[in-house]
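Notes follow once the structure below has been shown.
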Amino acid sequence: MPQAATIAETTPLGEARERLLSELSQGLDRESLWWLAGYFTALARETRAPAALEAAPVASKATQGLLVVYGSQTGNAQRLAEALHQRALAQGLQARLQRASELSLKQLSRERALLWVISTQGDGDPPEDSRSILEALASPRAPRLANLSYGVLALGDASYPKFCAIGRALDARLSELGAERLLERGDCDIDIETVAEPWREQALTRVDKLLGEAERNKITPLRALASSAPVSGPIEIELLASGRLSLPDASRDVRHLEFSWPATAPAYEPGDALAIYAENPPEVVARFLTLTGLDGAELVEWKGRRAALQQWLSQDLELTRLARPLLEAIASAGAHPDLAAAVAGEAYAGFITERQLVDVLQRWPVRWTAQEWVSRLRPLATRSYSIASSRAAVGEELHLCVAVRRDGDRLGAASNHLARLSPGATLRSRIESNPRFRLPADDRDILMIGPGTGVAPFRAFVQERAERGARGRNWLFFGAQHQRSQFLYQLEWQQALKRGQLSRMSVAFSRDQAERIYVQDRIREAAREVYAWLEQGAHIYLCGDASQMAPAVEAALREAIASSARLDRDAAHAYFAALEAGGRFHCDVY
Amino acid sequence: MSTLSAVEGIKARSRNLRGTLLESLADPITGALAEDDQQLIKFHGSYQQDDRDSRELRRQTRLEPDYSFMIRTRTPGGVVSPAQWLALDALARRYANGSLRLTTRQAFQLHGVIKRELKATIAAINASLIDTIAACGDVNRNVMASANPVESAAHALAYDWARRLSEHLLPHTRAYHEIWLDGEKVAGTEEVEPIYGPTYLPRKFKAAIAVPPLNDVDLFAQDLGFVAILEGGELAGFNVAVGGGLGTTHGDASTYPRLANVLGFLPPESLLAVAEAVVTAQRDLGDRSNRKQSRLKYTIDRIGVEAFKAEVEARAGLRLAPPRPFHFEHNGDRFGWIEGHRGDWHLTLRIESGRIADVGERHWASALRAIAAEHQGDFRLTPNQNLIVAGVPAAQRTRIEALLAEHGVSAGSERSPLRQRALACVALPTCPLAMAEAERYLPDLLTRVEALLLRHDLIAQPISLRITGCPNGCARPYLAEIALIGKAPGRYNLHLGGDLKGQRLNRLYRENIAETEILDLLDELLGRYAAERRPEEPFGDYLIRHAVVLPFATVLTP
């Protein structure tokens, strides 16, 4: 009989389970042990590792030691923080220095010891570099910071009515969120050192004591298994926050939406889309009722249920997109031979691209009862949007980047519905998996081409790769009409470039100069490097408009290959085809 | 010697002001320059700015601030031809925010030029034979000269010396030509800055030439001032004054405004040598570790006036004679028509805050464009943000007046002296240093103070009022009888007790107050002034005499 396995000194299981394991394996024969190994292996394969814990190895390094943060407008707080940091290091503490603009709630919740030097501006305003994190802390969504001990040193000018207001508010809020005060807040007037010097002494003494204790009481985190039973059917999600990504005066209205995505919901991968069960815009419903002369209050039956016509039209029936059977029925019942001709054969595709139902009824009316309409209209289809986040980066959330379609009377159903939602509103949705639009291995380079809202999945890609520490290079091509008002996620791309999470970014703003410049022009300009990346095994991803952008970009890629590799047209085509066959060209266009 | 300030390192590494400007200009992901380049571009005559009004909205939209650039011209003595005026006007409309801004240093500013168009704009300015070299940065700035001296013939003199001084102190680096004018890189020879050395000056340096009895240039606020001494209509030489400078930092008592000291008299042919001696002395002796202590005024206070004078004399290789007597009557402009010495005429136009734009009923931009199209003389920017249409033949006077009237503007001689004299810096929305409004608030503020003057029957009294958005003092507030110096949105420090001649610093009277309190205080003081003043006594003098404010510093003229 084999000896009982000795359980190694350090396991990730914790004392209780270690004992159980010891009991379990006591006296088992070899076959049983192999069976157990297989059992656990299968279980591990089925289980999704919760994103937060996957990031844990990186996280535990980040939470070690002291974090010194500064929020500074004129440089005073920065200087103080730098000096504080130096002192901490000199004292033998492990200390990091960070600017408030680089701080995230996620990081804060993983920190153990924090000293924050922050100034108050003018009439009680925060320094600009701190606005984002202070807003995040103030929001009801801010997490508990039970792990954190902190001290705040506030800078201000006592001649102002709201002396040190920001430092006070921060000190109070951190405590409210469950963090523990290491020492009382220091409020410095313009003779800073009077208060700063003794505060510094006390702060560092207490941090030293705290971290010393932490070292002695180090606990290995227990890896809990998340419940692995996925929910089927539409998932109800809640809107957490929404904001603009384009300025109010821009020609396109693009929004950023953040939804809850519970851990029990099926996981989504970068590259997947979210299908939304939207409602029709009220304006479109109203217009339909006017054009058909029907009464929205009339009770009508649909799919075995009775409800007001208004409700079916708002929530369940397709009012914006057209379908051939419907058009043929209208043509025939309304006696419109010209309509019948317009949608016959190949003309149909062109006919429906520019029109919605309200356009058709405007010109070709038909007299149907409410019931007849309800039986002829198709059910409201879901609308899909590429997911703009990676769970590894955002946790139990899902982000979307949505262009709100508004063209006179023609309104996009889902996009307008999304634009009208307030935080707290819920929505039904489901994941549309996109297995052919997945990130490659971590060491592969990727070329991402995503003008306009086509950039959405690439935000997920870059976030994911950053969290994974992927070594492959990332090159993003982005385009829009104007840099000033439509550079979607500009601040995030700048930060990603600075941190090396994005290797390179090429941009094209078509209307910022006399001649139109698009992403395909940038591809041509960088032909040699694009080709070099391809030769080194890069994958290409294309996302966005199908009708004009995609063909132009593909042509530019082929030209880039042809010119750089000195190939003729056929050879370049073949090269490109080989990319596709080899699964290195991925397309998500609509 | 303590460590050098960060900016010193940036200058030292910059290869004579090149830095990575070319790369920064080419970076399409941001409308900003790399951090170090933001310091270097000042030497090329530009500041990076952003529209502060939209900062918050843009941040929430995940967009960077709306960056743009201010460009400032090097126009010694503020003299430009009509053709140059038209060129700048056209550039303002094409590349900038449509308006020109006349500064308190007799220069033009264009605001709102985006990075992508910066090179084209600067190149176009140069094409009209104006450059922007050393308009900002740690160098000698635009050299000022009295714009409309009482002895009209003296203007040519002052202007000529201003031009020569400006050129003598220009940086030699080819960086400007390489970056903006597609200049060829000259290989081989090591580039040398004969006067400035590789790291230029510790801080900005301001020089001016004044022709008594007018002190429009505010001579005693300059690092280096030359007072033209005329005898029998001939230039006998200059009194040289050093160590003026106004900028301070709120709450930092080691920073303060200072009036220049008159060192002595020199003959005209020694002007450039003396100027160079002052500049190189500051170059070598100025504090390069703490930029708040870097200006020449602190250097002089550290080593003493006599020691500094000895240093200058040694470097210039001469001894200064005792200063000659001179007298300043006031530091304002004289509005309306004034006859020149050649039978021609000069028209000084009052332009509030120096802003050339078509606003409401007043269309300065259109008016001046129309005048420039016909005018055969030149234009002179005044140190008070105003404009002189100079060298108008007598027969053309009515034509000029008609063009002004057609566009709803006039010389402004009928306005109250308060409104005529007031100065404001640009402040919001473009200046990154502004803590409160200045230019945008001035019209309303003046209306409210005028109401007080009317109430106390003082509306005809010359009173100097200057407002700035921060304590840097770009509109020379520390010399005014009434000064508002911005501390926070809607809040100012109130200073009182300067004079009408630019020879006395005012004093902090109340800190961090809003408009209501400012007006209440002024109401009370103006009331007492009206009741108790001596005949002809200016407001500032009254306040000092009645110890409302204690005298801070006054120049004693020989």
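So the sequences go chain by chain: B and S. Per the working numbering, residue 1302 is the first one in the first sequence, and the count goes up by one each step. Per the working numbering, residue 3 is the first one in the second sequence, and the count goes up by one each step. Cβ coordinates follow ideal geometry from the N, Cα and C atoms, glycine included. Since we're looking at a predicted model, the values are computed, not measured.
Tell me which same chain residues have a C-beta within less than 6 Å of the C-beta of residue 1863 (chain B), skipping the five on either side of it?
For residue 1863 (chain B), where only same-chain residues beyond five positions count, the Cβ hits under 6 Å are 1873.
Could you compute how far the alpha carbon of residue 1879 (chain B) sits from the alpha carbon of residue 1748 (chain B)?
Cα to Cα, the separation comes out at about 17 Å.
What does DSSP give as the partner residues of residue 1886 (chain B) in its beta bridges?
Paired residue(s): B:1841.
Which term fits residue 1758 (chain B), buried or exposed, when burial requires 16 or more other beta carbons within 10 angstroms of its beta carbon?
Burial call: buried.
For a cutoff of 8 Å on Cβ pairs, would you count residue 1639 (chain B) as touching chain S?
Answer no: the Cβ-Cβ gap between residue 1639 (chain B) and chain S never drops below 8 Å.
Nearest-angstrom Cα distance between residue 401 (chain S) and residue 88 (chain S)?
Residue 401 (chain S) and residue 88 (chain S): Cα-Cα distance of roughly 19 Å.
Within 8 Å (strictly less), CB to CB, does residue 61 (chain S) reach chain B?
Residue 61 (chain S) counts as touching chain B.
Closest by CA to residue 13 (chain S), which one among S:450, S:141, S:100 and S:447?
When each option's Cα is compared against that of residue 13 (chain S), the closest is S:141.
Which whole runs of the beta strand (DSSP E) in the stretch 1596-1634 of chain B are 3 residues long or more, in chain order?
Correct list: 1600-1603 and 1606-1609.
For residue 21 (chain S), which residues from the same chain have a beta carbon less than 7 Å from its beta carbon, with the 5 sequence-adjacent residues on both sides left out?
Contacts found: 38, 39 and 42.
Do residue 1571 (chain B) and residue 1761 (chain B) have their CB atoms nearer than 8 Å?
Their beta carbons are under 8 Å apart, which means residue 1571 (chain B) touches residue 1761 (chain B) by this criterion.
If you run the structure through DSSP and keep just helix, strand and coil, what is residue 240 (chain S)?
Three-state result, residue 240 (chain S): strand.
Can you list, in chain order, the residues of its chain whose CB lies under 6 Å from that of residue 479 (chain S), leaving out five sequence neighbours each side?
For residue 479 (chain S), where only same-chain residues beyond five positions count, the Cβ hits under 6 Å are 468, 470, 485 and 487.
Quick one: what's got a C-beta closer than 8 Å to residue 1865 (chain B)'s C-beta in the same chain, skipping five residues either side?
The residues are 1828, 1829, 1831, 1832 and 1833.
Measure from the alpha carbon of residue 1836 (chain B) to the alpha carbon of each residue in B:1847, B:1854 and B:1861, then state which is nearest.
Per the Cα distances, B:1861.
Does DSSP classify residue 1448 (chain B) as helix, strand or coil?
It is coil, neither helix nor strand.
At a Cβ threshold of 8 Å, is residue 32 (chain S) touching chain B?
It does: the Cβ of residue 32 (chain S) has a partner Cβ on chain B nearer than 8 Å.
Note down, one range per segment and in chain order, each beta strand (DSSP E) of at least 3 residues found wholly within the stretch 68-96 of chain S.
List check, beta strand (DSSP E) in window: 69-74.
Consider the Cβ of residue 99 (chain S): report whether some Cβ of chain B lies at a distance smaller than 8 Å.
Not an interface residue.
For residue 1409 (chain B) and residue 1727 (chain B), I'd like the C-alpha separation in whole angstroms.
Near 29 Å, if we compare the C-alpha coordinates of residue 1727 (chain B) and residue 1409 (chain B).
Applying the criterion that 16 or more other CB atoms from any shown protein chain within 10 Å of the CB defines a buried residue, is residue 347 (chain S) buried or exposed?
Classification for residue 347 (chain S): buried.
Interface residues of chain S around residue 1794 (chain B) at Cβ under 8 Å?
Result: 31.
Hey, out of B:1500, B:1809 and B:1793, whose CA is closest to residue 1802 (chain B)'s CA?
Of B:1500, B:1809 and B:1793, the residue nearest in Cα terms is B:1793.
How many angstroms separate the CA atom of residue 1450 (chain B) from the CA atom of residue 122 (chain S)?
When rounded, the distance between both Cα atoms is 54 Å.
From residue 1800 (chain B) to residue 254 (chain S), what distance separates their C-alpha atoms?
Each residue's Cα considered, the two are about 37 Å apart.
What would DSSP say about residue 1819 (chain B), mapped onto helix, strand or coil?
In this structure, residue 1819 (chain B) counts as coil in the three-state DSSP scheme.
Do you know offhand how far residue 221 (chain S)'s Cα is from residue 127 (chain S)'s?
Taking the straight line from one Cα to the other gives about 29 Å.
In chain order, which alpha helix (DSSP H) runs of at least 4 residues are fully inside the stretch 1365-1426 of chain B?
With a minimum length of 4 residues, the continuous alpha helix (DSSP H) runs that stay inside the stretch 1365-1426 of chain B are 1377-1391 and 1406-1411.
Does residue 79 (chain S) get closer than 8 Å to chain B when you measure Cβ to Cβ?
So no, residue 79 (chain S) is outside the interface.
Here's the rule: buried if 16 or more other CB atoms are within 10 angstroms of the residue's CB, otherwise exposed. What is residue 459 (chain S)?
That one is exposed.
For residue 1700 (chain B), which of B:1420, B:1559, B:1877 and B:1768 has the nearest alpha-carbon?
Taking only the C-alpha atoms, the option nearest residue 1700 (chain B) is B:1559.
Within the stretch 1454-1480 of chain B, note down every full alpha helix (DSSP H) run reaching 4 residues or more, in order along the chain.
1466-1477, all fully within the stretch 1454-1480 of chain B.
Would residue 421 (chain S) and residue 441 (chain S) be called neighbours here (beta carbons separated by less than 8 Å)?
Contact: no.
Per DSSP, what kind of secondary structure is residue 1778 (chain B) in: helix, strand or coil?
Residue 1778 (chain B) falls in the strand class under three-state DSSP.
For a quick check, are the C-beta atoms of residue 1462 (chain B) and residue 1406 (chain B) less than 8 Å apart?
Against a cut-off of 8 Å, the Cβ pair of residue 1406 (chain B) and residue 1462 (chain B) comes out as no contact.
So, is residue 1341 (chain B) buried or exposed, given that buried needs 16 or more other C-beta atoms within 10 angstroms?
With fewer than 16 Cβ atoms within 10 Å of its Cβ, residue 1341 (chain B) is classed as exposed.
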